[in-house]
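J.:
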Amino acid sequence: MTKPQAPIGDDELMAFIDGALSPDRRCRIEQLARHDDELAATITALRAQRKALRDSLDSVLVEPIPQRLLRVAPPSRYALQRVAAAMAWIAVGITVGSLASWQYLSRHDSTSTELALVNRAPDLPRFVHQATVAYAVFAPEVRHPVELGSAELQALNAWLSGRLGRHMRAPDLSSLGFSLVGGRLLPAETNKPAAQFMYEDRQGQRLTVYLRGMAQPTPETAFRYVGEGEISTFYWVERNWGYALSGELSRPQLLQAARSIYDQLST
Amino acid sequence: MTLFSHRITEQIPGLRRYARALTGGNRENADDLVQDTLERAYAKWSLFRFGAELRPWLFSIMHNVFVNDVRRMRNRVPVCPIDEAVAIGTPATQENQVQVREILTAVGRLAPEFREVLVLVSIEEFSYAETARILGIPMGTVMSRLFRARTQLRALTGEPSLSDARPGLRLVQSFENRPHD
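As structure tokens, then:
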């Protein structure tokens, strides 16, 4: 026989639903609910409502961010100074160029200014986009999925290490049932080319690992997940290197592979 | 500054989700809200204390933008048509999509200040204290609005109210004429 207990207040009920109660107060409500069908039904309904709310907008998190939001830029004096400096240099270039008839010099200058402007946009979203696009382009490729096949593994490792300017080896995913198909070099940022390794399981399901140096100092991140259509990507940044694993696998499968790659490629 | 804009960019998906809920699922209106928020954040970034948490700061800016929008619209807060694209990314069954529409439409019908509390707590999972700081209201008000929001939402989605013994639900129609707090 239990003592009659005070009824549950609205606030307490809310805190219970949101998991904000201390264990003993939570227990009290759970006990009460066992003997009170109406309370139990209310709790069930509120929990379902909370979950439905969350689920209803889950997909927004993995939608590609619209360009107009990425374009909102800081009104930076610093940026203006840099543009002004760049323009001054173009002027110098043109003057020198016309004086000495060095047409080439002025053209060369304006190209690097354009690149400098592109490079001011945040690199991480661009990195993830590039990785996903690289998967979308090469994973369905039948005849030339890679530039250098796994038969020439040593040459592949040496070549990509040289071009990316760091030592690396194609990660081994055989324990997960994926064998290396090969790899390729890809254009990405100025002076920051990217490497892509491709893997395949027995059913022909493909995964790609994409990595490059970040174009700007970028804070390190934990594993992050993004889905674009059918393609899922886990990505992370470590010591200014970006890594992305893309494929059309379930999230847990992909995560497992991402962990293995993380262990193997850490600098 | 680059670092700062990078950190802001990282917050965009979360801001878009909050905005989507506030606008009852309308993608265009939601992204307008996000864009205004980002512009304000960049304009005010010198006021941001480094080391403080960026996420609540951005959400409080969005709250201010949203409240201004609501005022400007003279309470013509639209019960907007839900964007088809709401369910992109999750291969949803039709039934599932209908549920998604229903619940977002219902959220869009709640009074704006109820909507904000409900979404910050239930979807964005801010604590009651954080929610109170973001909205600039006492924690007790957060709790009471939360209870009322959930009760109203149940009624709007066709569920019986929390208890028949409770006083009948009153749907709050306007931001200015809200009955308490």
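The listed protein sequences correspond, in order, to chains A and B. Okay, so the first sequence: first residue is 72 according to this note's numbering, each after it adds one. Okay, so the second sequence: first residue is 46 according to this note's numbering, each after it adds one. For each residue, glycine too, the CB sits at the ideal point set by N, CA and C.
1. Buried or exposed for B:Ser-91, please, with buried defined as at least 16 other CB atoms from any protein chain shown within 10 angstroms of its CB.
2. Could you pull the start and end residues of the beta strand (DSSP E) that A:Leu-251 belongs to?
3. Check distances from the C-beta atoms of the stretch 79-91 of chain B to those of chain A and list, in chain order, the residues that come in under 8 Å.
4. Which residues of chain B have a Cβ atom closer than 9 Å to the Cβ of A:Asp-125, listed in chain order?
5. Which of the three DSSP states, helix, strand or coil, is assigned to B:Thr-202?
6. At a CB-CB cut-off below 8 Å, which residues of chain A make contact with B:Leu-188?
7. Whose Cβ in chain B lies nearer than 8 Å to the Cβ of A:Arg-310?
8. Nearest by alpha-carbon distance to A:Glu-319: which of A:Leu-235, A:Ala-241, A:Ser-221 and A:Arg-277 is it?
9. Spatial neighbours of B:Ala-75 within its chain, please: CB distance less than 6 Å, with the 5 preceding and 5 following residues excluded, ordered by chain position.
10. Can you tell me whether B:Pro-183 is buried or exposed? The criterion is at least 16 other CB atoms within 10 Å of its CB, across all chains shown.
11. Name the chain B residues that come within less than 9 Å of A:Asp-89, Cβ to Cβ?
12. In chain order, what are the residue ranges of uninterrupted beta strand (DSSP E) at least 3 long that sit wholly in the stretch 279-304 of chain A?
13. I'd like to know whether the C-beta atoms of B:Leu-198 and B:Val-164 end up nearer to each other than 8 Å.
14. Under DSSP, the alpha helix (DSSP H) around A:Ala-91 begins and ends at which residues?
15. DSSP three-state label for A:Gln-276, please.
16. Taking C-alpha atoms, which residue in A:Ala-205, A:Gln-327, A:Asp-107 and A:Arg-237 lies nearest to A:Gly-248?
17. Who are the near neighbours of B:Phe-93 in its chain, counting only those whose CB is closer than 7 Å to its CB and skipping five residues on each side?
18. What residues of chain A sit near B:Leu-201, judged by a beta carbon separation below 8 Å?
19. Please determine, among B:Arg-195, B:Arg-193, B:Glu-161 and B:Thr-196, the residue with the shortest C-alpha to C-alpha distance to B:Val-115.
20. What residue does the beta strand (DSSP E) around A:Gly-318 start on, and which one ends it?
21. For A:Gln-327, would you say it is in contact with chain B, using Cβ-to-Cβ distances shorter than 8 Å as the test?
22. CA-CA distance, A:Leu-140 and B:His-51?
23. Does B:Asn-233 pass the burial test, meaning 16 or more other C-beta atoms within 10 Å, or should it be called exposed?
24. Roughly how many angstroms lie between the CA atoms of A:Ser-127 and A:Tyr-281, to the nearest whole one?
25. Taking B:Ser-172 and A:Arg-121 to be in contact with their CB atoms under 8 Å, please state how far apart those CB atoms are, rounded to whole angstroms.
26. Put B:Gly-70 into one of helix, strand or coil per three-state DSSP.
27. Please list the terminal residues of the continuous alpha helix (DSSP H) segment that includes B:Met-107.
28. Closest by CA to A:Pro-211, which one among A:Ile-302, A:Ala-104, A:Ala-315 and A:Ser-337?
29. If I measure Cβ to Cβ from A:Glu-83 and keep anything under 8 Å in the same chain, skipping five residues before and after, which residues do I get?
30. If I follow the unbroken alpha helix (DSSP H) through A:Pro-323, where does it start and stop?
31. Is there at least one Cβ from chain B nearer than 8 Å to A:Asp-334's Cβ?
32. Would A:Ser-246 be called buried (16 or more neighbouring beta carbons within 10 Å of its own) or exposed?
33. What in chain A is Cβ-close to B:Ile-182, meaning under 8 Å?
34. Could you list which residues in chain A have their beta carbon closer than 8 Å to that of B:Pro-157, in chain order?
35. Take the Cβ of B:His-108 as the centre, count every other Cβ of all protein chains shown within 10 Å, and call the residue buried at 16 or more, exposed below.
36. So what's A:Glu-218 in DSSP terms, helix, strand or just coil?
T.: Reading off the structure:
1. exposed
2. 250-260
3. Val-79, Gln-80, Leu-83, Glu-84, Tyr-87, Ala-88 and Trp-90
4. The question names Asp, but residue 125 of chain A in the sequence shown is Arg. In chain order: Ser-167, Ile-168 and Glu-170.
5. It is coil, neither helix nor strand.
6. One point to set straight first is that residue 188 of chain B is Met, not Leu, in the sequence displayed. Simply Asp-81, Asp-82, Met-85 and Ala-86.
7. Within chain B, no residue comes near A:Arg-310; the closest Cβ sits about 16 Å away, beyond 8 Å.
8. A:Arg-277
9. Ala-64, Arg-65 and Thr-68.
10. exposed
11. Val-166, Ser-167, Glu-170, Ser-172, Tyr-173 and Leu-191
12. 295-299
13. no
14. No alpha helix (DSSP H) holds A:Ala-91; DSSP gives it neither H nor E.
15. coil
16. A:Gln-327
17. Trp-102
18. Ordered by position in chain A, no residue passes the 8 Å Cβ test against B:Leu-201, which lies about 11 Å from the chain.
19. B:Glu-161
20. 312-318
21. no
22. Spanning the two alpha carbons is a distance of roughly 13 Å.
23. Residue 233 of chain B lies beyond the range of chain B shown here (46 to 226); nothing can be said about it.
24. 31 Å
25. So it is not a contact: roughly 15 Å between Cβ atoms.
26. coil
27. 99-117
28. A:Ile-302
29. Excluding residues within five positions, the ones whose Cβ falls inside 8 Å are Leu-92, Arg-96 and Ile-100.
30. First-last of the alpha helix (DSSP H) with A:Pro-323: 322-336.
31. no
32. exposed
33. Those do not exist, as B:Ile-182 stays about 15 Å from chain A at its closest Cβ, beyond 8 Å.
34. What B:Pro-157 touches in chain A: nothing, since even the nearest Cβ is about 16 Å away.
35. buried
36. coil
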